[in-house]
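Counting from 114, one number per residue, gives the positions in the sequence shown under my numbering.
C-beta atoms are modelled at their ideal positions from N, C-alpha and C, and glycine is treated no differently.
To keep things clear, I will list the structure first and then write my remarks on it.
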Amino acid sequence: MEIILAVNPGSTSTKIGLFSGEECLVKEVIRHPEQDLAGFASVMDQAPYRRKVILETLQENGTDPAGLSAIVVRGGLLRPLEGGVWLVGEEMVADLSACRYGTHASNLGGVIAYPVGRELKIPVFTVDPVTVDEFEDVARYSGLKNVRRLSMSHALNMKAVARKAANALHTVYEELNLVVAHLGSGISVSAHRRGKMVDVNNANNEGPFSLERSGTLPALALIDLCYNSGRTEQEMKELVTSAAGVYSYLGTKDFQKVTEKVLTKDAAATAVVGAMAYQVAKEIGAMAAVLHGGVDRVILTGGMAYSTPLVEMISEQVRFIAPVELMPGEEELEALAAGALRVLRGHEEAKIYK
């Protein structure tokens, strides 16, 4: 049986999962104390420290790394890539280490795992990184020359639930047209045509507002805010990506508490969640138009998909498009392991990063 280690680094923790085939044997969140991380000048300097902690955690769970068949990591910020499973090699590690396409804790995954895989003589993979780009050319136009729309999304989870939906329908992902909405701290709504994610809003600066992000804003009002609010460029970026959305209206990033307020008929919470649902539904409609209305399923996923009021509001507006499937949560470790398993079993060929 294939033994796979899945690694998902976050800003202050590293999630790991040990899988025997499809079965998860161990799942653990390794929390990194603030005082430990404070000693590193940059995120990428943490790689040796996190690698050591991961290996120690495996030993504590009675796992000998020598028994691993493969390691699979969450993809960091890479060049635009088509979806699928990618082999982590020297060129990918060089781009991640240098943060060539941006700095993020997920860049650590390949840098942590590659030396271990090389020593053990086993492959290291990444699956559907956030920079998956399968756009058709028409989707790249923004409306202003020299400003191009970029594909940046929750691709790992969205493609994983798309494959799950295909299995439930006794077919394959490549035979379906789907609209998938990932509802989290950022919201990605994507159009999947026959196995390709041909359009998606960039959750950092487009589409519906979310728990902490503004989504699309009126351009002239935003320009006015940039010039007249006294905020620096960095402060403006932080405002629209981490202090906007539900948080700006209700003062909390705890969506469970927001949901509880909606259930108790709190007027302000109900209005804000209703507005977010309205914007998600509009984006789903837009992606249905990308697919010329031929949608087999609408899928709602991500952490906020556990909120019954939110998903009911969205479903009410979009079920005329296609049946709505609810697949809450993210299950990123499971999605990573499933990708590695497809390659190890010969169902998919790993792509080479150059």
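- With contact defined as three or more Cβ pairs closer than 8 Å, the stretch 282-293 and the stretch 239-257 are not in contact.
- GLU169 and VAL142 have their alpha carbons spaced roughly 13 Å apart.
- Between LEU413 and SER301, the alpha-carbon positions lie close to 10 Å from each other.
- Judged by DSSP in its simplified three-state form, LEU330 adopts coil rather than helix or strand.
- Counting along the chain, MET440 sits inside the beta strand (DSSP E) bounded by residues 437-441.
- Assigned with DSSP and collapsed to three states, ASP337 falls in helix.
- By the Cβ rule, the stretch 115-132 counts as touching the stretch 440-460, because three or more pairs are nearer than 8 Å.
- Secondary-structure assignment with DSSP links ALA357 through no beta bridge to anything.
- Taking the CA atoms as reference points, MET440 sits about 33 Å from GLY180.
- If you check the CB distance, ILE397 and VAL386 do not come in under 7 Å.
- Segment contact: the stretch 331-342 against the stretch 261-272, fewer than three CB-CB distances shorter than 8 Å; contact not assigned.
- For GLU135 and LYS258, the gap between their C-alpha atoms comes out near 47 Å.
- Exposure of GLN347 is indicated by the presence of fewer than 16 other C-beta atoms within 10 angstroms of its C-beta.
- At the C-beta level, GLY452 and VAL237 stay beyond 7 Å of one another.
- Residue pairing for LEU200: DSSP places it in a beta bridge opposite PHE238, ILE465.
- Where TYR227 is concerned, the enclosing alpha helix (DSSP H) starts and stops at 221-233.
- For LEU291, the three-state secondary structure derived from DSSP is strand.
- A straight line joining the alpha-carbon of ALA356 with that of ASN318 spans about 13 Å.
- For the stretch 139-209, the full-length alpha helix (DSSP H) segments reaching 4 residues or more read 147-150, 160-173 along the chain.
- Contact between ALA401 and VAL293 does not hold, since the beta-carbon distance rounds to 12 Å and is not under 8 Å.
- Measuring C-alpha to C-alpha distances from ALA390 to each of ASP367, SER323, ILE434 identifies SER323 as the nearest.
- For LEU376, the enclosing alpha helix (DSSP H) starts and ends at 368-376.
- With contact defined as three or more Cβ pairs closer than 8 Å, the stretch 143-154 and the stretch 181-196 are not in contact.
- The alpha-carbon of LEU191 is positioned some 8 Å away from that of PRO242.
- Under the criterion of beta carbons closer than 8 Å, GLU325 and LYS366 qualify as touching, at roughly 6 Å.
- When the Cα atoms are used, ARG261 and THR239 turn out to be separated by approximately 26 Å.
- For the set PHE433, GLY297, VAL229, the Cα lying nearest the Cα of GLY202 is the one of VAL229.
- Following the DSSP letters along the chain, one finds GLY387 inside the alpha helix (DSSP H) bounded by residues 380-403.
- The residues LEU363, VAL371, LYS374, VAL375, in chain order, have a CB closer than 7 Å to that of ALA382 in the same chain once the five nearest residues on each side in sequence are set aside.
- Counting along the chain, LYS128 sits inside the beta strand (DSSP E) bounded by residues 126-133.
- Comparing C-alpha distances from ALA275 to each of ALA207, ASN290, GLY407 shows the shortest one belongs to ASN290.
- When DSSP reads this structure, THR414 sits in a beta bridge with HIS295, MET440.
- Under the 10 Å beta carbon count, GLN159 is surrounded by 16 or more other beta carbons and is classified as buried.
- In the structure shown, the three-state DSSP call for MET114 is coil.
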